[in-house]
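In the working numbering, the protein residues as written are 27 to 237.
Just so you know, even glycine gets a beta-carbon here, dropped at the ideal spot from N, CA and C.
Below is one structure, written out as structure tokens, with a few remarks after it.
What follows is the structure, encoded as structure tokens:
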């Protein structure tokens with residue numbers, strides 16, 4: 027087995043383990059979320075908007091302006107990669123929703139179930155009311171993981187911001203814990219794939235720049 031194959035197996039194992047733990051904790055976390063009185067103060071809103079596309083567009087614009095000011099040849103690279111990662115992750119989350127079709131906690135609870143899955147015959151192309159994975163958390167993690175690559179010095183800030191967004195989605199009762207863990211996996215996968223593709227293209231083209 028090559029080192030790369032071993033690394034990939036390790037990642038897959040970690041993902042599977044994280045999902046199993048998240049699913050096991052879902053009943054406990056849902057119970058806590060139903061008892062918590064969420065007050066949507068400034069800190070809550072700050073965390074919540076990490077799942078909002080324009081928030082990452084603003085981050086991308088800042089990166090573009092910084093790199094343009096520093097006269098970096100490929101000054102658009104970092105900002106473009108952040109936007110692409112967010113868009114790809116958000117789209118990927120929506121596609122997975124239409125395949126998995128697990129509904130939000132409130133819908134399942136209304137039927138007296140822990141989980142409820144929507145029939146493929148019921149609005150097959152609509153993700154409304156479907157919770158896995160959380161689109162907002164996916165956008166947050168897709169942006170955070172890409173920023174962590176193009177601006178490594180700030181990774182703790184952006185990753186914590188994304189985690190904060192995931193917490194708000196769970197506390198609001200809109201998602202299970204496993205919805206947000208799934209979103210983090212989608213965000214990591216999409217950002218990693220885009221980063222790998224970009225690096226290979228830049229290497230072949232001999233593009234000068236920061237990444």
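Sufficient close CB pairs (3 or more, under 8 Å) joining the stretch 94 to 107 to the stretch 193 to 205: no
Check whether residue 56 and residue 135 have beta carbons under 9 Å apart: On the chain shown, residue 56 is found 30 positions in, with the first residue counted as 1. On the chain shown, residue 135 is found 109 positions in, with the first residue counted as 1. Yes, Cβ-Cβ distance for residue 56 and residue 135 is below 9 Å.
First through last residue of the alpha helix (DSSP H) which encompasses residue 120: The count along the chain shown starts at 1 and reaches residue 120 at position 94. Unbroken alpha helix (DSSP H) run through residue 120: 103 to 126.
Contiguous alpha helix (DSSP H) assignments of at least 4 residues, all confined to the stretch 143 to 222: 161 to 176, 181 to 197
Per-residue burial, residue 93 [other beta carbons within 10 Å of its own, 16 or more giving buried]: As a working note, residue 93 is residue 67 in the chain shown. The residue in question, residue 93, is buried, as its Cβ has 16 or more Cβ neighbours within 10 Å.
Start-to-end residues for the alpha helix (DSSP H) that takes in residue 141: For the purposes of this step, residue 141 is taken as residue 115 along the chain shown, with counting starting at 1. Per DSSP, residue 141 belongs to no alpha helix (DSSP H) and is neither H nor E.
Residue 54 classed as buried or exposed, judged by whether at least 16 other C-beta atoms fall within 10 angstroms: Along the chain shown, one-based indexing puts residue 54 at 28. Exposed, since its Cβ has fewer than 16 Cβ neighbours within 10 Å.
Buried/exposed call for residue 205, threshold 16 Cβ in 10 Å: Counting from 1 along the chain shown, the entry for residue 205 is found at position 179. Residue 205 is buried by the Cβ-count criterion.
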